[in-house]
Amino acid sequence: MSVHDFGASTVSKPRKEADGVGLSCLVCGGTYQPSSLPGLFRCGSCGFISADLNIPDEELRALYSEDYFHGQEYLDYIAEEESLRLNFANRLATLKSLTPTWSNVDLFEVGCAYGFFLDEVKKQVRVASGIDVSADAIRYAVERFDVDARCGDYLNTDLRRQVDVVAMWDTIEHLKRPDLFIKKLASDIKPGGLLAITTGDIGSLNARLRGAAWRMIHPPTHLHYFSVPTLSTLLARNGFDVVHVSHPGNSRRIRSVLYFLLALKMKRPGLYAALARLPLTGARITVNLYDIMFVVGKRRPA
Numbered sequence: 003m004s005v006h007d008f009g010a011s012t013v014s015k016p017r018k019e020a021d022g023v024g025l026s027c028l029v030c031g032g033t034y035q036p037s038s039l040p041g042l043f044r045c046g047s048c049g050f051i052s053a054d055l056n057i058p059d060e061e062l063r064a065l066y067s068e069d070y071f072h073g074q075e076y077l078d079y080i081a082e083e084e085s086l087r088l089n090f091a092n093r094l095a096t097l098k099s100l101t102p103t104w105s106n107v108d109l110f111e112v113g114c115a116y117g118f119f120l121d122e123v124k125k126q127v128r129v130a131s132g133i134d135v136s137a138d139a140i141r142y143a144v145e146r147f148d149v150d151a152r153c154g155d156y157l158n159t160d161l162r163r164q165v166d167v168v169a170m171w172d173t174i175e176h177l178k179r180p181d182l183f184i185k186k187l188a189s190d191i192k193p194g195g196l197l198a199i200t201t202g203d204i205g206s207l208n209a210r211l212r213g214a215a216w217r218m219i220h221p222p223t224h225l226h227y228f229s230v231p232t233l234s235t236l237l238a239r240n241g242f243d244v245v246h247v248s249h250p251g252n253s254r255r256i257r258s259v260l261y262f263l264l265a266l267k268m269k270r271p272g273l274y275a276a277l278a279r280l281p282l283t284g285a286r287i288t289v290n291l292y293d294i295m296f297v298v299g300k301r302r303p304a
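The working numbering puts the sequence shown at residues 3 to 304.
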């Protein structure tokens, strides 16, 4: 997951009631109803699932301090650089296959974090730039990799151009108003351009089997829970046709996987600390539970 912008300062809040029931779905405009998942609400029309969005914007931003990458959401994001670059390389191969003139692409990343993806892609395309809400991450990206990255709110940012490709890696689930982000992206992407998104798939077999215990359910850092149909609907309503859907695996160090499962999810830091001392936990593995989706939308002609 990357840190991202929220953009809430420029828009009205979509909910008035703390429980969310009876209010409008951000995907289809239907009505939210109680969900079988505690603390979450489900659209009665399209099935889109959201958390309570009444958390103040200031509290949301505070969640994504430097600690988010070092001990809160991740054991150590920077230490996972090699794994993350491998994941990005696999996604880039898909984007290249969908873009005949790849070397001439102008690419923008929303939620660029520490700049690993921008550093990978800048070697391949004409222009690569990005934005993130984390000042610490942007400082690292610029100083370490000399990438074109800025700290700010995407919804308040004028790109002053239309781009060919936008990447949003593990970002959309964190946004308070993903519908407004997709709407703005539709105007910032050229007709025929691509929007690439990765996020958890709550419609996947693993998510359905795990229910409330699914590893991706942890509001308030994750506010929205898409499935392939609901994400496709949101894209279609904003002028995108889905041209690629897959469920790729992700590379991680064993130590990081154990940290997420034992220390964060199961609240057993002592067990994690004991296992983390084993040398083999520094090894890198690729895990695929087929519950993370990679979706690419193509902007329809104007």
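C-beta atoms are modelled at their ideal positions from N, C-alpha and C, and glycine is treated no differently.
As the structure is a computational prediction, the values presented were derived from the model and not from experiment.
query: Do you know whose CA, among Glu122, Gly154, Asp172 and Arg146, lies nearest Asp293's CA?
result: Asp172
message: Once DSSP output is grouped into helix, strand and coil, what is the label at Leu88?
response: helix
- prompt: Looking only at C-alpha atoms, which of Asn106, Met295, Leu94 and Cys114 sits nearest to Asn208?
  reply: Met295
query: Does the distance from the CB of Ser318 to the CB of Leu39 come in under 8 Å?
result: The structure shown does not extend to residue 318, since the chain spans only 3 to 304, so no value can be given for it.
- request: Give a single yes or no on whether Gly202 has its beta carbon closer than 7 Å to a heavy atom of the ligand SAM.
  value: What this structure holds is no ligand at all, so the ligand SAM is not there to describe.
query: What residues in its chain sit with their C-beta under 7 Å from that of Asp121, if we drop five residues either side in the sequence?
result: Phe147 and Val149
task: Starting from the N-terminal side, write out each stretch of the beta strand (DSSP E) that is 3 residues or longer and does not extend beyond the stretch 246 to 276.
output: 252 to 255
Beta strand (DSSP E) segments (min. 3 residues) lying fully within the stretch 125 to 168: Fully enclosed beta strand (DSSP E) runs of 3 or longer: 129 to 134 and 150 to 153.
field: Backbone CA spacing between Leu225 and Lys185 [nearest angstrom]
entry: 18 Å
For Thr235, the first and last residue of its enclosing alpha helix (DSSP H): Val230 to Arg239
message: Does Pro303 pass the burial test, meaning 16 or more other C-beta atoms within 10 Å, or should it be called exposed?
response: exposed
- prompt: Exposed or buried, which one is Pro281 when buried takes at least 16 other CB atoms within 10 Å?
  reply: Exposed, because fewer than 16 other Cβ atoms sit within 10 Å of the Cβ of Pro281.
Collapsed DSSP secondary structure at Phe119 in the structure displayed: Looking at Phe119 - three-state DSSP - the assignment turns out to be helix.
query: Where does Ser14 sit, in a helix, a strand or coil, going by DSSP?
result: Confidence at Ser14 is low in this model, with a pLDDT of 36, below 50, so its placement is unreliable and no value can be given for it.
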